[in-house]
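Colleague:
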Amino acid sequence: MAPDFETVRNDLRMKTVYLADGEDALDGLMWYKTKAFDRVVTRDAAEEYDKEYAEYSQSQGSSVPLDTPSAPSPATLSAIVRLSNYKYFMTACSDWHPDFSKAILPLKDVRPSAIAEDPCLAALSGDFEAAWGAIDELIRGVLPVETDAMQSIGVIDRAKRPYFGFKVGHKVFEKIQNTVDAPRRQAEDPPDDEDSDEELEPEFAIENWPLANPEAEIHLDKLSRTHLAKPIPAYNLAGHLIRPSRYAAELKGAIVRLEFSLNHWFINSRHIFTADVTRIRVLVPPPPFDTPTPKRKRVAKVDDFYDDDGDTDSPPPTPTKRAKYANGS
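If you want it as structure tokens, here you go:
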């Protein structure tokens with residue numbers, strides 16, 4: 001049974017910023033600068049922070065000064081997308097190999113990713129283009145005037161055609177501050193809700209984290225002493241957290257409700273953007289696996305074209321040419 005996409009849309013509008021609303025969505029968003037990077041926040045959150053910071057500043061001369069207010073939380077952006085088969089790396093370890101540690105990145109920095117693309121459904125016609133356009137406008141909005149958007153990397157691949165897709169990801173390993181509590185926290189911490197009392201199954205613990213290459217085991221063992229596994233907050237049709245070993249099987253090619261935040265760094269003269277997954281919920285599972293050519297048990301000796309129609313008559317004879325004779329014979 002197909003999901004009620006209009007209900008999904010309305011739910012996203014209630015709890016997130018649904019980017020398919022285009023300018024209406026963008027009007028409530030802005031970039032907020034932190035010491036290390038920029039993040040997209042809602043204008044309401046930024047205004048509330050400014051108010052709290054003003055009260056904090058005024059209290060500094062009083063006998064009971066206020067605590068420093070927390071920076072505004074990232075805005076939760078959303079879209080309904082298909083997680084593309086193209087450049088799909090949203091597996092537990094993103095197929096990491098020890099050789100990557102020298103050439104690309106160490107295991108601790110692995111960030112499984114996927115391309116969010118148009119689900120190409122009539123019920124969602126125009127939504128993806130509007131969402132992609134909103135992301136593009138946000139990215140262009142934080143770049144200096146003299147900077148060409150072609151110089152930005154990370155979310156939109158400028159070498160591709162417009163509306164091709166955008167990349168989302170999730171960093172699965174997080175450094176823990178108190179290593180004494182590491183063994184207990186490995187299996188207890190939920191993926192993105194520190195107030196949850198639910199304990200995750202052993203597979204979600206870092207020491208049992210699935211790896212594509214056996215050579216990576218020694219690297220994972222070292223990492224488990226200083227880092228915590230943070231599973232992708234991805235949920236199947238029934239709403240259950242997807243096991244790390246099942247990420248590709250249940251997400252690759254699926255149509256999903258996607259929630260994420262958008263961040264910007266300027267590192268080594270490069271503008272780098274990330275769309276960090278907040279939550280994924282499968283709405284339509286991936287299509288079933290099949291082979292391009294159906295298998296048949298045998299090759300028929302006689303043309304069985306008419307057998308499919310239940311016709312018991314013999315197939316028509318093969319046409320033959322009649323011999324032509326001279327002198328009108």
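Residue numbering for the sequence shown follows full-length UniProt numbering, beginning at 1 and increasing consecutively. Glycine residues also receive a C-beta, built at the ideal position from the N, C-alpha and C atoms. Source: prediction; values computed, not measured.
1) Kindly identify the DSSP beta-bridge partner or partners of I280.
2) Using the C-alpha atoms, what's the distance from I267 back to L223?
3) Report the option in T91, I153, D136 whose CA atom is closest to the CA atom of P162.
4) Taking the alpha helix (DSSP H) that L223 falls in, what are its first and last residues?
5) Given N208, which residues of its chain have a CB within under 7 Å of its CB, disregarding the five upstream and five downstream residues?
6) Given a threshold of 16 other Cβ atoms within 10 Å of its Cβ, counted over all protein chains shown, does D127 qualify as buried or as exposed?
7) Just to confirm, are R257 and I80 a CB contact at a threshold of 8 Å?
8) Where does S113 fall in DSSP's three states?
9) Roughly how many angstroms lie between the CA atoms of L220 and V110, to the nearest whole one?
10) When DSSP builds the beta bridges, which residues end up paired with residue 410?
11) Express the C-alpha separation of P98 and L283 in angstroms, rounding to a whole number.
12) Among the residues of its own chain, which have a CB less than 7 Å from the CB of L237, if the five just before and after it don't count?
13) Return yes when the Cβ of G165 is within less than 8 Å of the Cβ of G22, no when it is not.
14) Rounded to the nearest angstrom, how far is the Cβ of A45 from that of S73, given a contact under 8 Å?
15) Taking Cβ positions only, does M90 come closer than 8 Å to chain C?
16) Which residue comes first and which comes last in the alpha helix (DSSP H) that contains L12?
17) Hey, quick one: how far does the beta strand (DSSP E) through R39 stretch, first residue to last?
18) Beta-carbon within less than 8 Å of S261's beta-carbon, same chain only, minus the 5 sequence neighbours each way: which residues are those?
19) Does the beta-carbon of R140 have 16 or more other beta-carbons within 10 angstroms, so that it is buried, or is it exposed?
Modeller: Taking the coordinates as given:
1) In the sequence shown, residue 280 corresponds to position 280, counting from 1. Note: I280 sits in a beta bridge opposite A234, L258.
2) Mapped onto the sequence shown, residue 223 falls at position 223. Mapped onto the sequence shown, residue 267 falls at position 267. Distance between the alpha carbons of L223 and I267: 25 Å.
3) For the purposes of this step, residue 162 is identified with residue 162 of the sequence shown, where counting begins at 1. The shortest C-alpha separation from P162 is found at D136.
4) Residue 223 sits at position 223 when you count from the first residue of the sequence shown. L223 -> alpha helix (DSSP H) spans 217–223.
5) Position 208 of the sequence shown, counted from the first residue, corresponds to residue 208. Cβ within range, chain order: P202.
6) Within the sequence shown, the letter at position 127 stands for residue 127. D127 is buried by the Cβ-count criterion.
7) Here residue 257 is taken as the residue at index 257 of the sequence shown, counted from 1. Here residue 80 is taken as the residue at index 80 of the sequence shown, counted from 1. Contact: yes.
8) Within the sequence shown, residue 113 is the residue found at index 113, counting from 1. It is a strand residue.
9) As a position in the sequence shown, residue 220 is number 220, starting the count at 1. As a position in the sequence shown, residue 110 is number 110, starting the count at 1. Their backbone Cα atoms lie some 12 Å apart in a straight line.
10) Nothing can be reported for residue 410: it is not among the residues displayed for the chain, which extend from 1 to 329.
11) Numbered from 1 along the sequence shown, position 283 holds the residue referred to as residue 283. Numbered from 1 along the sequence shown, position 98 holds the residue referred to as residue 98. Cα to Cα, L283 sits roughly 35 Å from P98.
12) Here residue 237 refers to the residue found at position 237 of the sequence shown. Only V282, P285 meet the Cβ criterion.
13) Along the sequence shown, one-based indexing puts residue 22 at 22. Along the sequence shown, one-based indexing puts residue 165 at 165. Not a contact, by the Cβ cut-off of 8 Å.
14) Within the sequence shown, the letter at position 45 stands for residue 45. Within the sequence shown, the letter at position 73 stands for residue 73. The pair is a contact, with the Cβ atoms about 6 Å apart (cut-off 8 Å).
15) The structure shown contains no chain C; it is built from a single protein chain.
16) Translated into the one-based positions of the sequence shown, residue 12 becomes position 12. From DSSP, the alpha helix (DSSP H) with L12 extends over 5–15.
17) Mapped onto the sequence shown, residue 39 falls at position 39. R39 -> beta strand (DSSP E) spans 38–42.
18) Counted from its first residue, the sequence shown places residue 261 at position 261. Hits under 8 Å: R39, V40, P74, A75, T76, L77, A275, D276, T278.
19) As a working note, residue 140 is residue 140 in the sequence shown. Under this definition R140 is an exposed residue.
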